[in-house]
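To keep things clear, I will list the structure first and then write my remarks on it.
What follows is the structure in structure tokens.
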């Protein structure tokens with residue numbers, strides 16, 4: 015009888031919630047149609063009118079495009095919950111906030127203060143919440159409802175039916191097959207995750223968590239939360255998200271849009287320097303040196319070396335007259351050019367002007383009588399003389415960051431001069447041919463050089479830092495014409511920037527991507543344990559306010575220049591303005607996999623965090639010994655892929671040591687099964703992970719810890735060599 019009542023309640027709940035969800039989607043369609051119609055009307059007007067009118071139209075067009083993109087992105091699982099309150103009221107929680115035509119609330123944004131109870135209320139501390147309902151939807155259809163009753167007596171007094179049937183929302187999400195793209199957790203955020211997401215923005219928040227604890231998801235949801243609550247502060251500057259690889263960025267690229275945000279810039283460290291391609295792997299020995307802050311002084315010395323004093327005075331003939339480029343004049347002109355602190359390439363103009371003036375005076379002294387016009391002619395003769403130009407360039411040579419680095423690492427005499435603090439053996443490790451490709455360890459050095467060098471002469475045109483006060487005031491008037499109904503999230507400063515000539519169609523993210531010197535309002539760093547001290551210098555430059563969200567796991571550090579203990583890295587960077595929080599539950603990894611990985615990590619003396627797995631799955635681990643480990647791993651991977659092909663899908667991946675990767679790729683050619691090194695798999699997740707020869711991967715223990723913790727269902731280990739100490743699989 016009780017079960018029948020539960021099923022009846024569930025069926026009635028489904029029908030009622032279906033009507034609500036249909037109404038929410040109808041409102042979503044209306045708003046999207048309105049924005050589309052207004053955008054079409056603006057486009058029909060064409061580019062006619064005054065420049066101000068054209069700028070205004072372009073700004074409006076951009077705003078409507080942003081709004082349409084936002085509404086499209088939240089189509090999936092628009093509404094996922096309902097809160098029933100003690101006073102008899104209830105409200106729905108979803109990806110964005112929606113109001114009806116009379117501006118009455120229909121759907122509460124998950125980031126709004128009112129929605130916090132959806133994630134934090136418990137039976138022990140329910141607050142005003144008596145029931146939390148989870149809605150499961152497929153497309154626009156409600157397929158299941160599940161109630162988390164926090165106060166049974168209060169609910170019964172109201173005569174409400176609850177649907178207590180079905181699998182828990184969290185476990186259902188965790189049990190879903192992988193698709194190769196990260197899923198958001200907005201409907202299933204847990205209390206410890208919610209506390210991190212909603213933490214204050216100022217200072218640096220470091221989130222330490224073991225594999226599967228949701229660090230990346232929490233970081234992305236925090237970015238969306240901060241953009242929602244600090245929009246005026248962040249809209250014009252943007253949020254920067256740093257990921258470990260392009261593969262990782264593709265994996266997460268749709269999460270923020272699905273949470274209603276499209277303004278963040280997601281990139282790797284290398285992506286912060288336009289035009290630089292990374293195509294080589296750095297040996298650990300040289301990567302460790304390049305990651306140390308001592309390299310900042312090396313780059314500074316290399317730049318200063320381009321400001322040279324001639325060994326002796328030099329004579330130059332112009333129109334039959336002798337001029338002397340004196341060492342004393344060069345020294346004084348260089349000193350004056352450095353005074354205002356401008357970068358090397360930009361300060362060169364002041365140096366060159368000073369030297370041309372001095373040489374012009376010498377030439378004028380040899381001419382008996384001349385007018386002011388003659389003086390200009392003399393100055394032009396000096397400036398246009400080829401020998402003068404060569405001499406000035408030799409004394410203050412403009413150079414690009416990549417050329418500076420190529421010269422530094424390919425010419426021993428330059429390296430010896432700039433890197434005197436390094437030992438001869440350390441300098442030898444840095445030497446390489448000028449044609450050698452750049453590596454990840456070079457990226458912070460290139461950025462350091464770019465900061466000290468500035469733009470080449472005739473490079474990027476000067477740009478205004480932002481719109482004028484008058485433009486901002488005009489933008490406020492423009493926004494007033496929208497009214498509250500538009501729901502377009504933008505402040506006047508950002509709108510004014512979009513209305514500036516030449517940048518009217520560019521979003522904040524687009525402008526930031528084009529400008530290496532852009533500074534952001536907040537920076538989110540994933541896999542932060544991999545960053546070297548020089549990489550941190552690079553990021554701090556991008557956020558002078560030092561407002562950071564930093565997520566990582568020191569036990570998964572694979573970079574020799576990375577972090578093994580957070581205070582050691584954070585204290586010098588942020589002093590007292592940082593806080594450490596830990597995520598202690600692994601939601602993704604089966605308990606058997608987590609236990610095996612942690613046992614190995616502890617045996618390898620990795621600084622692992624205590625981790626409790628949320629799921630028990632039978633037969634989650636297996637070890638197979640084979641003479642040809644690659645061939646056997648390929649066979650196992652194909653078997654799992656075939657099994658998934660007959661059901662609801664799933665993702666299988668093979669993880670191998672760098673030396674074994676080519677053979678594994680060849681063995682799996684045409685199967686669609688991807689092969690990764692441990693470092694390439696960082697941050698990713700698969701239903702089944704097949705790890706080849708773990709003893710070889712364990713040469714870097716952190717690499718193997720990463721590889722072992724990628725699966726959400728089953729870990730297969732294939733080996734011909736003995737397993738590394740501590741790794742026991744059943």
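Residue numbers (the numbering used here): 15 to 744. All residues carry an ideal CB built from backbone N, CA and C; glycine is no exception. Keep in mind the model is a prediction, meaning the values are calculated, not measured.
Whether residue i touches residue j by CB criterion (9 Å)
i	j	result
residue 231	residue 207	yes
residue 566	residue 559	no
residue 223	residue 148	no
residue 368	residue 393	no
residue 465	residue 581	no
residue 359	residue 312	no
residue 687	residue 651	yes
residue 616	residue 740	yes
residue 296	residue 544	no
residue 629	residue 605	yes
residue 639	residue 531	no
residue 327	residue 341	yes
residue 395	residue 442	no
residue 540	residue 229	yes
residue 265	residue 203	no
residue 322	residue 408	yes
residue 690	residue 667	yes
residue 100	residue 144	yes
residue 618	residue 718	yes
Proximity winner among the options, relative to residue i (alpha-carbon distances)
i	options	result
residue 110	29, 50 and 200	200
residue 743	715, 705, 710 and 713	705
residue 585	160, 459 and 217	217
residue 614	542, 471 and 714	714
residue 561	548, 667, 541 and 587	587
residue 93	583, 107, 381 and 204	107
residue 44	114, 100 and 54	114
residue 361	324, 325, 320 and 221	320
residue 698	364, 665, 682 and 48	665
residue 569	102, 365, 542 and 553	542
residue 732	696, 669 and 53	669
residue 549	644, 143 and 306	306
residue 415	409, 364 and 467	467
residue 54	608, 72 and 37	72
residue 675	711, 696, 658 and 324	711
residue 120	42, 736 and 691	42
residue 522	430, 226, 276 and 377	276
For residue i: DSSP bridge partner residues
i	result
residue 321	410
residue 144	BP columns for residue 144 are empty, so no partner.
residue 152	155
residue 563	219 and 538
residue 346	DSSP output for residue 346 lists no bridge partner at all.
residue 733	639
residue 340	BP columns for residue 340 are empty, so no partner.
residue 431	Beta-bridge pairing links residue 431 to no other residue.
residue 93	108
residue 645	Paired residue(s): none; residue 645 is not in a bridge.
Buried versus exposed call for residue i [16 or more other C-beta atoms within 10 Å across all chains shown]
i	result
residue 702	buried
residue 495	Residue confidence is low: residue 495 scores 49 on pLDDT, short of 50, so the model does not pin down where it sits. Its coordinate-derived value is still stated next. Per the 10 Å Cβ criterion, exposed.
residue 158	buried
residue 70	buried
residue 390	exposed
residue 498	With a pLDDT of 38 at residue 498, under the threshold of 50, the predicted position of this residue should be treated as unreliable, though the coordinate-derived value follows. Residue 498 comes out exposed.
residue 579	exposed
residue 471	exposed
residue 97	buried
residue 33	exposed
residue 528	exposed
residue 680	exposed
residue 13	Residue 13 falls outside the range modelled here, since the chain spans only 15 to 744, and no answer is possible.
residue 736	exposed
residue 661	exposed
Test: residue i CB closer than 9 Å to a CB of chain D
i	result
residue 702	The structure shown contains no chain D, having only a single protein chain.
How do the segment 533-553 and the segment 242-258 stand: do at least 3 beta-carbon pairs fall below 8 Å, yes or no? yes
Decide if the segment 620-628 is in contact with the segment 231-250; the criterion is three or more beta carbon pairs, one per stretch, under 8 Å apart. no
Is it a yes or a no for the segment 410-428 touching the segment 312-322, going by three-plus beta-carbon pairs under 8 Å? Cβ pair count under 8 Å is three or more, so yes.
Between the segment 401-409 and the segment 433-448, can you find at least three pairs of beta-carbon atoms closer than 8 Å? no
Could you tell me whether the segment 710-729 touches the segment 282-290, where touching means 3 or more Cβ pairs closer than 8 Å? no
So does the segment 277-286 actually touch the segment 428-443, counting three or more Cβ pairs closer than 8 Å? no
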